[in-house]
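Student: This is the structure I want to talk about, given as structure tokens.
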Amino acid sequence: MPCHPARARELLAKDRAVVARQAPFTMRLKDRTLADAEVDGVRLRIDPGSKGTGLALTDEKKEPAAHGPTVTARRGLVSIELQHRGDQIHHSMRQRAGYRHRRRSAHCRYRAPRSANRTHPDGWLPPSLRHRVDTTLSTARRLCRYAPVTEIHIESVTFDTHAMSAGRPLTGTEYQQGPLAGTEARAYLLELWGRACTYCGITGVPLNIDHIHPRSRGGSDRIANLALACIGCNQAKGSRPIEKFLANDPVRLAQILRQAKTPLRDSAAMNSTRWQLTAALSTLGVPVLTWSGGRTKRNRTAMGLAKTHTVDALCVGLLDHESGDVIVRVPQQVCLVKATGRGSYARTTPDRYGFPRLQRPRAKQHHGFITGDLVRATMPSGRWKGTWTGRVSVRSRGQHSLTTSAGRFNVLHRNLRLLQRAEGYSYASKRETPKIS
Ligand SMILES: [Zn+2]
């Protein structure tokens, strides 16, 4: 059961507990087992996001009110912000594709390109999104192991732009490969712009697909840059930027630009990953309850809280404001869990032009440490004299690089002691943003 730091110090000082993990700090009681302990259990609340996911452990105290029904007071016990690295994965895969592309065109030894008509198995997600589901699931699984989680509450829907355009509920990867792929884009655009010309609003005439920001001026082919234009408007606009074309209709211009700015890809990705995440969490053996983003927002504003990933997670789920349900405690320390990965399979590091820059050693472990280990360094002398804790980045010569809160410096492997083996995450803590009110 999550406890106060002072209580943890007391248990350790009296030798009643041992440290099981350094980060997130977890202890194991020596004098009591789960069988002869009485725990109320906690609830795990998850707010999945595209850059970061908030997780919160809460307990609930039911107090009989002076009049009417009982009041539930929700207390936040632990806040965790999981930071994803989807952008980094996307970037690395693009870089690898570029590297292979250069080797092919330069007639070096290369991997032959694979045909583009391969199909994906059911439930396939791009690696950058798959990583989001996997890391959130593994963090939730760990929390279920460390704490007596009785229910998982997850925010599983925010907005359903795609389903609205298709006119029926969509599931899973349909968001990725369904109405938006290839020729379906046209049907989607017709729905999106109401089967009318985007610029003059005329209906019942042939409509062309038009680039809002012209391709000749660097506009992309992504769906958010596409609109429908009647032949007249299409020719009148030509390759002029939309700002010039609609200079005397600022209202319509603002409306179209707002539509174009909607991050469609982000929301589509978010929907498909949330759906898969909910399905994956149900394998943990704990009941999973899903809630809408609207309810989270209502709970947060009613409590006068600032928007962060962890506060949103705390606000997920049912709060009966009419009968006086409240959130009475927001944890002031947030545990930042950053997905760092477990290293690279690449055998060389290319420079910015795709030429091999250096050969990587095949071994990951050097002098007993691997990159990402949580270590304690004891520096005998010099500018960094003293004891430091941080994440190590190994060098084959044994002069490892240590990142601490105060800075980064080199430490000889003999002066290091392993606290926790690297497992693909780095840990830090930060203060929670205070209340708005
Ligand atoms: Zn028109």
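Heads up, the sequence shown is in the working numbering, so the first residue is 798 and it goes up one at a time.
For every residue, glycine included, the Cβ atom is placed at its ideal position computed from N, Cα and C.
Note that this is a predicted model, so its numbers are computed, not measured.
1) Within 10 angstroms of its Cβ, does P845 collect 16 or more other Cβ (buried), or is it exposed?
2) So what does DSSP say about G851, is it helix, strand or coil?
3) Could you give the uninterrupted runs of the alpha helix (DSSP H) lying entirely in the segment 1069-1115, keeping only those of 4 residues or more?
4) Consult DSSP for S953 and reduce its assignment to one of helix, strand or coil.
5) For a cutoff of 8 Å on Cβ pairs, would you count F1166 as touching chain B?
6) Hey, out of S1036, Y943 and W1072, whose CA is closest to L922's CA?
7) With DSSP collapsed to three states, give me the class of H1163.
8) Pull the bridge partners of D844 from the DSSP assignment, please.
9) Decide yes or no for the touch test of the segment 1131-1144 against the segment 871-884: beta carbon pairs closer than 8 Å, at least 3 of them.
10) Considering only C-alpha positions, which residue in the set G838, G849, D833 and L809 is nearest to R825?
11) Would you check if there are 3 or more beta carbon pairs closer than 8 Å linking the segment 1183-1202 to the segment 1089-1101?
12) According to the Cβ coordinates, are G755 and K1232 closer than 8 Å?
13) On a CA-only basis, which of D837, G895 and D884 is nearest P1147? Give me that one, please.
14) Going by CA-CA distance only, name the one from R1149, H1163, V1189 and R1211 that's closest to M1176.
15) Could you give the residue range of the alpha helix (DSSP H) that holds D1170?
16) Using a Cβ-Cβ cutoff of less than 6 Å, which residues in the same chain neighbour V1189 once the five nearest sequence positions on both sides are dropped?
17) Spatial neighbours of T1201 within its chain, please: C-beta separation below 6 Å, excluding the five flanking residues on both sides.
18) If you draw a straight line from the alpha carbon of T995 to that of G1015, how long is it in whole angstroms?
19) For a test of your reading of the model: does the CB of C1030 fall under 7 Å from any non-hydrogen atom of ligand 1? Yes or no.
20) If I measure Cβ to Cβ from A1051 and keep anything under 8 Å in the same chain, skipping five residues before and after, which residues do I get?
21) Does the segment 1072-1088 come within contact of the segment 817-836, defined as at least 3 CB pairs closer than 8 Å?
22) Can you tell me whether M961 is buried or exposed? The criterion is at least 16 other CB atoms within 10 Å of its CB, across all chains shown.
23) Buried or exposed: where does I1009 fall if 16 or more other Cβ atoms within 10 Å of its Cβ makes it buried?
24) Assign C1132 to one of three DSSP states: helix, strand, or coil.
25) Give a single yes or no on whether I1039 has its beta carbon closer than 7 Å to a heavy atom of ligand 1.
26) Using DSSP with H/G/I as helix, E/B as strand and the rest coil, what is Q974?
27) Any heavy atom of ligand 1 inside 7 Å of the beta-carbon of I999?
Tutor: The relevant details are as follows:
1) buried
2) strand
3) 1090-1100 and 1106-1112
4) strand
5) The displayed structure is made up of one protein chain only, and chain B is not part of it.
6) W1072
7) strand
8) G851
9) yes
10) L809
11) no
12) The requested residue 755 does not occur in the structure, where the chain is confined to residues 798 to 1234.
13) G895
14) R1211
15) Element bounds for D1170: n/a, residue is neither H nor E.
16) F1166, D1170, V1172, H1197 and L1199
17) W1185 and G1187
18) 20 Å
19) yes
20) none
21) no
22) The predicted position of M961 is uncertain, since its pLDDT is 40 and thus under 50; a value taken from the coordinates is nonetheless stated next. Burial call: exposed.
23) buried
24) strand
25) no
26) Low confidence applies here, because Q974 scores a pLDDT of 45, under 50, leaving its location unreliable and the question unanswered by this model.
27) yes
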